[in-house]
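With positions in the sequence shown counted from 1, the corresponding number in this note's numbering is that position plus 930. Glycine residues also receive a C-beta, built at the ideal position from the N, C-alpha and C atoms. Just below is one structure, and these are the notes that go with it.
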Amino acid sequence: MTKVNLLLDNPGDVRNGYLNFDPQTPGQCSDGRIRAAVDDLSHTIDANELEELVAHDILDYFGVSEADRVLDHWLSRLAHGGTLSLSVVDLREVSRAVLANALDIADVNELLFGQQERAWQFKKCVFTLPVLVGMLRKKGYKILLQKCADCRAVVTCQRA
931 MTKVNLLLDN
941 PGDVRNGYLN
951 FDPQTPGQCS
961 DGRIRAAVDD
971 LSHTIDANEL
981 EELVAHDILD
991 YFGVSEADRV
1001 LDHWLSRLAH
1011 GGTLSLSVVD
1021 LREVSRAVLA
1031 NALDIADVNE
1041 LLFGQQERAW
1051 QFKKCVFTLP
1061 VLVGMLRKKG
1071 YKILLQKCAD
1081 CRAVVTCQRA
């Protein structure tokens, strides 16, 4: 079975044994990244094909309704028993960190809105761990892991 890791211009997160799709890479790089869209995997991955899909810090870059469509598409690529691991910035955790004086405004802006140095680096939505878990459960997926770490909601779900 196939494993896919989605990236956005972060070659340091390339995983061995995975197809590492990154729309910001210039073609197939020697570092293992393959130039491919992260929101539509149908060009290389059939429905029900994936054993595992990893999408850390990707979903935030889509608008709310678009993020739901992308999430549905990712889930449609999972085989029965396949897992999706994803992380998003958690608005509650960012708020807690601000109130505890653990983050300055520059860090908050980058977490919530992206680096904004390139056209694609603008985040368009935020989540919380309960919202993300609720979305996945509503879609019929079993939650295997849910936690917050570094102001991010991290969830792993499995297709029945």
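Query                                                                                                                                                       : Result
Buried or exposed: which applies to L1029, given that a residue is buried once 16 or more other Cβ atoms fall within 10 Å of its Cβ?                        : exposed
Figure out for me which residue from Y948, L1033 and P956 has the closest Cα to the Cα of D939.                                                             : P956
Would you call the stretch 945-953 and the stretch 986-997 in contact, with 3 or more CB pairs under 8 Å?                                                   : no
With a floor of 4 residues, list each alpha helix (DSSP H) that falls wholly inside the stretch 981-1030, ordered by position along the chain.              : 994-1006 and 1021-1029
My output table needs one value for F1043: the three-state DSSP class, helix, strand or coil.                                                               : helix
Roughly how many angstroms separate the alpha carbons of L1041 and Y991, rounded to a whole number?                                                         : 11 Å
Should R1082 and D1020 be called a contact, given that it needs their Cβ atoms to be closer than 7 Å?                                                       : yes
Which residues does DSSP list as the beta-bridge partners of A1079?                                                                                         : R1082
Closer than 6 Å by C-beta to S1120: which residues in its own chain qualify, once you throw out the five before and the five after it? Chain order, please. : Outside the displayed range of the chain (931 to 1090) lies residue 1120, so it cannot be described from this structure.
I'd like the list of long-range same chain contacts for R945, defined as Cβ closer than 6 Å, with 5 residues on each side in sequence excluded.             : N935
If you draw a straight line from the alpha carbon of W1004 to that of L1075, how long is it in whole angstroms?                                             : 18 Å
Please report how far the alpha carbon of L1059 lies from the alpha carbon of M1065, in whole angstroms.                                                    : 10 Å
Where does R963 fall in DSSP's three states?                                                                                                                : strand
Between the alpha carbons of H986 and L1014, how many angstroms are there, rounded?                                                                         : 10 Å
Taking the alpha helix (DSSP H) that L1062 falls in, what are its first and last residues?                                                                  : L1059 to K1068
Please name the residue in Y1071, S1017 and R1089 whose C-alpha comes closest to that of C1055.                                                             : S1017
Just to confirm, is the Cβ distance from G1012 to R1089 under 7 Å?                                                                                          : yes
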